[in-house]
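Encoded as structure tokens, the structure appears first; notes follow it.
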Amino acid sequence: MATSQLFYSIETYKAAKETALFPVQITTEHESLVLVKKLLATSISCITYLRGLFPESSYGTRYLDDLSLKILREDKKCPGSLQIIKWIQGCFDALEKKYLHMAALAIYTNPKEPEKVTELYQFKFRYTKEGPRMDFVSTATSFERVTTSEEIKKASVLLIRKLYVLMQNLGPLPNDITLTMKLYYYNEVTPNEYQPPGFKEGESAQSLLFEGDPVSLKLGFVSTNFHSIKVKIMTESQRMMNLGSNLLQENSITEISHQGLDCDEEEEEGSINCRRG
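Mapping the sequence shown onto the UniProt record's numbering, position 265 (from 1) lands on 265, and the numbers just tick up by one.
Below, the structure written as structure tokens:
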């Protein structure tokens, strides 16, 4: 595991100025890698923007179909921008090497107890050639086989839409918060000395605990011939008051109560190497 910390004044990632947010086609390993990277960066942008973590100047506007997205970019007026860029670049480096198992973006309130989080965002990755799959209803048994780039793109757009709906309906965070990012690796392939940019040696994979009454939401799963990404969110149950049951059902978000960091679901392979930054 690798981890790094940044206080509330952090900024964001500088988005690439490309015509399309996601690749037009996903038929090669490189195109698949680009898609996964952009899904990760777009998701982090969505989370930080709609949770009100950074100023408007830290974002640029991009469009995904009819959805207007705010994408993190370097804002030199905010001293934390270089750090957040290193976090995302660190994830990219580990993805390129096929080491990264999970990136966990955690928010906590007590600087003396960083292991007790109040909100947690988990991005799990796998590297596979089993064929493209996508999860439209966020359950372990509801996979549909897809064969075209268009279908993979639809799954990606659906994941971002779900994330936006959730972020727009969650209750506010506490005023004083700190962000930390932890990376977890596949132990059998990751060298012991490996550390991506912006990270350092970490602690146990099970070191994060949830403060308060947690609710866990599985947002979705997108897979290509080469990569897959699963997104899960944990937050305080009181922040879910505005997210009614109809909204959950309409947007296919599965609600599960859970305590602690989720590191051992059924589809994972091998052990996890933990370091912090």
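Think of the CB as a built atom: it goes at the ideal place given N, C-alpha and C, for glycine as much as any other residue.
- Message: To the nearest angstrom, how far is the alpha carbon of I160 from that of Y63?
- Response: The residue given as residue 160 occupies position 160 in the sequence shown. The residue given as residue 63 occupies position 63 in the sequence shown. One alpha carbon belongs to I160, the other to Y63, and they sit about 12 Å apart.
- Message: Just to confirm before moving on: does the CB-CB distance between G202 and K182 stay below 8 Å?
- Response: What you label residue 202 is simply residue 202 of the sequence shown in a count that begins at 1. What you label residue 182 is simply residue 182 of the sequence shown in a count that begins at 1. For G202 and K182, yes; Cβs fall inside 8 Å.
- Alpha-carbon to alpha-carbon, S68 and T180: The residue given as residue 180 occupies position 180 in the sequence shown. The residue given as residue 68 occupies position 68 in the sequence shown. So the alpha carbons of these two residues sit roughly 27 Å apart.
- Query: Is L183 near the ligand SAH, with its Cβ less than 7 Å from a heavy atom?
  - Reply: The model depicted lacks the ligand SAH and carries no ligand whatsoever.
- Within the chosen definition, does the region 87-100 reach the region 163-172 through at least 3 CB pairs nearer than 8 Å? Too few Cβ pairs lie closer than 8 Å, so no.
- Message: For the region 25-42 against the region 219-230, do three or more pairs of beta-carbon atoms, one drawn from each stretch, fall closer than 8 Å, so that the two count as touching?
- Response: Taking a cut-off of 8 Å on C-beta distances, the region 25-42 touches the region 219-230, as three or more cross pairs fall below it.
- Bounding residues of the alpha helix (DSSP H) (the contiguous stretch that carries Y122): Position 122 of the sequence shown, counting from 1, holds the residue named residue 122. Reading off the sequence, residue 122 comes out as Gln, not Tyr. No alpha helix (DSSP H) holds Q122; the beta strand (DSSP E) holding it covers K116 to Y127.
- Query: Any idea if M134 is buried or exposed, counting beta-carbon neighbours within 10 angstroms, 16 or more meaning buried?
  - Reply: Within the sequence shown, the letter at position 134 stands for residue 134. With a pLDDT of only 42 at M134, under 50, the local geometry of the prediction cannot be trusted, and the value read off the model is given with reservation. The residue in question, M134, is buried, as its Cβ has 16 or more Cβ neighbours within 10 Å.
- Message: Measuring only the C-alpha atoms, how far is P196 from I44?
- Response: Counting from 1 along the sequence shown, the entry for residue 196 is found at position 196. Counting from 1 along the sequence shown, the entry for residue 44 is found at position 44. For P196 and I44, the distance between alpha carbons rounds to 18 Å.
- If you draw a straight line from the alpha carbon of M102 to that of S156, how long is it in whole angstroms? For this step, residue 102 is matched to residue 102 along the sequence shown. For this step, residue 156 is matched to residue 156 along the sequence shown. Approximately 18 Å between the Cα atoms of the pair.
- To the nearest angstrom, report how far apart P191 and P114 are at their CA atoms. Counting from 1 along the sequence shown, the entry for residue 191 is found at position 191. Counting from 1 along the sequence shown, the entry for residue 114 is found at position 114. Their Cα atoms are separated by approximately 27 Å.
- Item | Y184, enclosing beta strand (DSSP E) - first and last residue | Translated into positions along the sequence shown, residue 184 becomes position 184. Where Y184 is concerned, the enclosing beta strand (DSSP E) stretches over T178 to Y186.
- Task: Please list the segments of the alpha helix (DSSP H) lying wholly inside the region 24-89, counting only runs of 4 or more residues, in order along the chain.
- Result: Listed in chain order, the complete alpha helix (DSSP H) runs (minimum 4 residues) inside the region 24-89 are 29-50.
- State the start and end residues of the unbroken beta strand (DSSP E) segment that holds Y99. The residue given as residue 99 occupies position 99 in the sequence shown. Note, Y99: premise wrong, no beta strand (DSSP E); not H, not E.
- Query: Do the CB positions of M234 and P214 come within less than 8 Å of each other?
  - Reply: Taking the first residue of the sequence shown as 1, we reach residue 234 at position 234. Taking the first residue of the sequence shown as 1, we reach residue 214 at position 214. A contact, by the Cβ cut-off of 8 Å.
- C-alpha gap between C46 and K154, whole angstroms: As a working mapping, residue 46 is identified with position 46 in the sequence shown. As a working mapping, residue 154 is identified with position 154 in the sequence shown. Rounded to the nearest angstrom, the two C-alpha atoms are 18 Å apart.
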